Amino acid sequence: MITLISSDKRKFHVLEEVANQSLTIRDVIEDRRGRRRADRIILVTNINSKIPEKVIVYWLRHFLMPEEIAHASMSHKKAEKLKKWEAKFFDTDIDTLNDLILAADSLDIPSLFDGACEKVSDILKNRSAEEVGEISKIENEFTHEEEEEEIPSENAWVWRNEFA
Amino acid sequence: MEAMNEGKDDRDWACLPSDVLNVIAKYLNEISDFIKFRVVCHTWRSSTPVTDLPTQFPLILDSPKYSPDPNLRFYSLSFNKTYTIPSPRSLDKKFPSGPSSHGYMATLSKRNFRLVSLLNPLTNHEIYLPACPSVCNHHWIGSRQNQMGEYVILCYGRLCFQRTRLVLCHPGQSKWHRLKLGSAYKNCFHFYLRDMLFSVTRSTGVTKVTSITNGATNLVYIVPSPFEGYSDKCYGEYLVEDSLGDILRVFYNLDYGFDVYRLDVGNKNGSSPCWVKVSDIGNQAIFIDVHGAFVLRAGELSGIKKNSIYHLKKPRWETPTPTSYYRPRRIDIDTHKSERFPCPLKYPSNWILPNLHLL
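Protein chains in written order, with my numbering: chain A, 1050 to 1213; chain B, 287 to 645.
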């Protein structure tokens, strides 16, 4: 059993085999093997405080159905079930997804990272450039000159086909 | 105890690490989504170079040859979507005259057939080529990056096979280079693949493979026709290079299907080059249109199905119509099963693989 401590000082006790899905944590545990008990405590303060719970939920679901088995021998039905579960898991607001991506990136959990990125791209699909700007809360920072010179053909392409 | 990273808690989308933005953009397989992603802000733009455009399903071009509309119209099979793209000033005078390559189409001036250019219809980037030396109708047979990193373009007079001229041009050069080929190269279909010229004799189906280096030609080997009675049985064919570098030869057959052969170049123990019939081309698909053919890797994201032929060309024996275009179809090479796709375009003429980077 290892202990994760979040940025708001909450403790999460997780089976080592479960937490091993994070390659970063696996390496840390590997490094400290055979040392004192205190070394089984890992700070995850770099990720938003709401996120560890989500990550652990994800781990537990995937622990019950490891990736390798998922690909090799998992029945079609079970694969569908996992897909459905993931769809529900990632069906959240875009800020949470952002946090999940950053967490998956720093903890090195490839499947979570890819899943969250794919979901974000799904949200951005079929939107106008303005809507994408609103969702991401990024102001258009291209100057008029840049729009005229650098991306004129892309602009034409985007604006003309916006509502096609 | 040790912290794995300094604490940071920002939700600023512009501050997402570059590699994260890059992964998100990889899932944007619809090209206008990808372009819109790139115009959000500078960070997003620089994280997603145009060379990282996710694998695309080729778009179908509505032939501008017959359409009075100065805009170009494209149709995406995979997204069931039509795109209209304002064409550059010159395009109302031009039309595609050969297969697309790297997203570029060869275009000719309708007023002066000697004026040739390469155009990427998605970015409107156009490369003008020197005026063509021959007065015949030109047919562009290929452009690809050769080992020297240059692009080679070959043309020949299509209408008069007897007087075929083969010329090539490297962009940046001021002149076309005429290839000196003997009379044996008359009455041939030519394909330019793997830096070599594949010339198929129209009457016998025999293929001459010729290397071209620095404008000098050298006959490498001759491959016999894959079957007896070539002139009676061949209803049109294409040579393509697949993603492994093998040469494939695709024939129409009378059952509305295709036969595919792979070139076996032989070995040192005396076996000579020959065509071997195949029923499986693996995880790739061949796209065929009026002007030529190309091979793409199949994939779930792009929606390209494996071991398939997607085609737009009408087989030669069908009743001729003012335009020889056909509705898009997919044919499974192994089972010969075919699948038709609806297409709102009037004259679906070319497959164009969207490409945003400069040639």
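Each residue gets a CB set at the ideal place from its N, CA and C atoms; glycine is no exception. If you're wondering where the values come from, they're calculated on a predicted model, not measured in any experiment.
Exercise. How many Å lie between HIS1111(A) and ASP1144(A) at the Cα?
Worked result: Your numbering for residue 1111(A) matches position 62 in the first sequence. Your numbering for residue 1144(A) matches position 95 in the first sequence. Taking the straight line from one Cα to the other gives about 23 Å.
Exercise. What span of residues does the alpha helix (DSSP H) with TRP1134(A) cover, start to end?
Worked result: Sequence index remark: in the first sequence, residue 1134(A) carries index 85 (1-based). Taken as a continuous stretch (DSSP letters only), the alpha helix (DSSP H) holding TRP1134(A) covers 1125 to 1139.
Exercise. Is LEU345(B) near ILE638(B), with beta carbons less than 8 Å apart?
Worked result: By 1-based counting over the second sequence, the position of residue 345(B) is 59. By 1-based counting over the second sequence, the position of residue 638(B) is 352. Yes, these two residues count as a Cβ contact at 8 Å.
Problem set entry | Reference LEU1109(A), options SER1160(A), LYS1126(A), THR1192(A), ALA1068(A), closest by Cα | Walking along the first sequence from the start, residue 1109(A) turns up at place 60. Looking at the Cα atoms, ALA1068(A) is the closest of the given residues.
Exercise. Can you find a CB in chain B that lies within less than 8 Å of the CB of LYS1099(A)?
Worked result: For the purposes of this step, residue 1099(A) is taken as the residue at position 50 of the first sequence. Closer than 8 Å: no.
For this session: Check each candidate in LEU1113(A), LEU1156(A), ASP1157(A), ASP1171(A) and name the one with the smallest Cα separation from PHE1139(A).
Result: Here residue 1139(A) refers to the residue found at position 90 of the first sequence. Considering only alpha carbons, the answer is ASP1171(A).
Problem set entry | PRO340(B) burial status per 10 Å Cβ neighbour count (16 or more: buried) | As a first step, residue 340(B) is located in the second sequence; it is residue number 54 there, counting from the start. Per the 10 Å Cβ criterion, buried.
Problem set entry | Spatial neighbours of ASN1097(A) in its chain, beta-carbon cut-off 6 Å, leaving aside the 5 residues before and after | Stepping through the first sequence from its first residue, residue 1097(A) is reached at position 48. Excluding residues within five positions, the ones whose Cβ falls inside 6 Å are ASP1148.
Exercise. Whose CA, out of ASN504(B), LYS461(B), THR493(B), lies closest to the CA of LEU467(B)?
Worked result: Translated into positions along the second sequence, residue 467(B) becomes position 181. Residue ASN504(B) is the option with its Cα nearest to LEU467(B).
Problem set entry | For ALA571(B), the residue or residues it bridges with in DSSP | On the second sequence, residue 571(B) is found 285 positions in, with the first residue counted as 1. DSSP output for ALA571(B) lists LEU582(B), SER594(B) as bridge partner(s).
Exercise. Taking LYS472(B) as the reference, which of ARG464(B), LEU479(B), VAL486(B), TRP462(B) has the closest Cα?
Worked result: Along the second sequence, read from residue 1 onward, the residue named residue 472(B) stands at position 186. When only C-alpha atoms are compared, the closest one is VAL486(B).
For this session: State yes or no: is the beta carbon of LEU1173(A) nearer than 8 Å to at least one beta carbon in chain B?
Result: Along the first sequence, one-based indexing puts residue 1173(A) at 124. It does; some Cβ of chain B falls within 8 Å.
Exercise. With 16 as the cutoff for other CB atoms within 10 Å, does LEU530(B) come out buried or exposed?
Worked result: Here residue 530(B) refers to the residue found at position 244 when the second sequence is read from its first residue. Label assigned to LEU530(B): exposed.
For this session: With 8 Å as the threshold, decide whether the Cβ of VAL1169(A) is near any Cβ in chain B.
Result: Locating residue 1169(A) in the first sequence gives position 120, where the first residue counts as 1. Chain B, which has a Cβ nearer than 8 Å to the Cβ of VAL1169(A), makes this yes.
For this session: Determine whether the Cβ of HIS328(B) lies closer than 8 Å to any Cβ atom of chain A.
Result: For the purposes of this step, residue 328(B) is identified with residue 42 of the second sequence, where counting begins at 1. True, the Cβ-Cβ gap to chain A drops below 8 Å.
Problem set entry | Boundaries of the beta strand (DSSP E) in which GLU412(B) is found, first to last residue | Position 126 of the second sequence holds residue 412(B). 411 to 414 is the span of the beta strand (DSSP E), which, as asked, contains GLU412(B).
For this session: Note down, in chain order, each residue of its chain lying with its Cβ closer than 6 Å to the Cβ of LYS461(B), except the 5 sequence neighbours on either side.
Result: Counted from its first residue, the second sequence places residue 461(B) at position 175. Answer for LYS461(B): PRO416, listed in chain order.
Exercise. Residues of chain B with CB under 7 Å from SER1185(A), in chain order?
Worked result: Taking the first residue of the first sequence as 1, we reach residue 1185(A) at position 136. The contacting residues are TRP299, VAL326.
Problem set entry | Interface partners of LEU314(B) on chain A, CB under 9 Å | Start at 1 with the first residue of the second sequence, and residue 314(B) comes out as number 28. Result: SER1170, LEU1173, LYS1174.
For this session: Kindly indicate which residue of SER362(B), GLY578(B), ILE310(B) has the alpha-carbon position closest to the one of ASP338(B).
Result: Along the second sequence, one-based indexing puts residue 338(B) at 52. Checked all of SER362(B), GLY578(B), ILE310(B); the closest Cα to ASP338(B) is ILE310(B).
Exercise. Given a threshold of 16 other Cβ atoms within 10 Å of its Cβ, counted over all protein chains shown, does PRO512(B) qualify as buried or as exposed?
Worked result: Numbered from 1 along the second sequence, position 226 holds the residue referred to as residue 512(B). The residue in question, PRO512(B), is buried, as its Cβ has 16 or more Cβ neighbours within 10 Å.
For this session: Starting from the C-beta of ARG1075(A), find all residues in its chain whose C-beta is less than 7 Å away, skip the five residues before and the five after it, and write them out in chain order.
Result: Counting from 1 along the first sequence, the entry for residue 1075(A) is found at position 26. These residues qualify, in order along the chain: ASN1069.
Exercise. Quick one: is SER558(B) buried, meaning 16 or more other Cβ sit within 10 Å of its Cβ, or exposed?
Worked result: In the second sequence, counting from the first residue as 1, residue 558(B) sits at position 272. SER558(B) should be labelled exposed.
For this session: Classify SER1055(A) as buried or exposed, calling it buried when 16 or more other Cβ atoms lie within 10 Å of its own Cβ.
Result: In the first sequence, residue 1055(A) corresponds to position 6, counting from 1. Buried, by the Cβ-count rule.
Problem set entry | Opposing strand residues paired with VAL402(B) [DSSP bridges] | Walking along the second sequence from the start, residue 402(B) turns up at place 116. LEU394(B), per the DSSP bridge assignment.
For this session: With a threshold of 16 other CB atoms inside 10 Å of the CB of CYS301(B), please say whether the residue is buried or exposed.
Result: On the second sequence, position 15 is the one that residue 301(B) refers to. Exposed is the call here.
Exercise. When the Cα of ALA502(B) is compared with those of ASP518(B), THR490(B), LYS519(B), LEU483(B), which residue comes out closest?
Worked result: Locating residue 502(B) in the second sequence gives position 216, counting from the first residue. Of ASP518(B), THR490(B), LYS519(B), LEU483(B), the residue nearest in Cα terms is LEU483(B).
For this session: Give a yes or no on whether the minimum CB-CB distance between GLU1079(A) and chain B is below 8 Å.
Result: Within the first sequence, residue 1079(A) is the residue found at index 30, counting from 1. No, GLU1079(A) lies away from the interface with chain B (no Cβ there is under 8 Å from its Cβ).
Exercise. Within the 8 Å Cβ cut-off, does VAL306(B) reach chain A?
Worked result: As a position in the second sequence, residue 306(B) is number 20, starting the count at 1. It does: the Cβ of VAL306(B) has a partner Cβ on chain A nearer than 8 Å.
Problem set entry | chain B contact residues for VAL1181(A), given Cβ-Cβ distances below 8 Å | Residue 1181(A) sits at position 132 when you count from the first residue of the first sequence. Under the 8 Å cutoff, chain B gives LYS322, PHE323, VAL326.
Exercise. Is VAL421(B) helix, strand or coil by DSSP?
Worked result: Taking the first residue of the second sequence as position 1, residue 421(B) is located at position 135. Note that VAL421(B) scores 47 on pLDDT, short of 50, meaning its location in the model is unreliable and no value can be drawn from it.
Exercise. So is the beta-carbon of ILE1096(A) under 7 Å away from any non-hydrogen atom of the ligand NAP?
Worked result: The ligand content of the structure shown is nil, which means the ligand NAP is not present either.
For this session: Please report the residue range of the alpha helix (DSSP H) in which GLU1179(A) lies.
Result: Indexing the first sequence from 1 puts residue 1179(A) at position 130. Segment 1178 to 1185, the alpha helix (DSSP H) holding GLU1179(A).
Exercise. Would ASP545(B) be called buried (16 or more neighbouring beta carbons within 10 Å of its own) or exposed?
Worked result: Position 259 of the second sequence, counted from the first residue, corresponds to residue 545(B). So ASP545(B) counts as buried.
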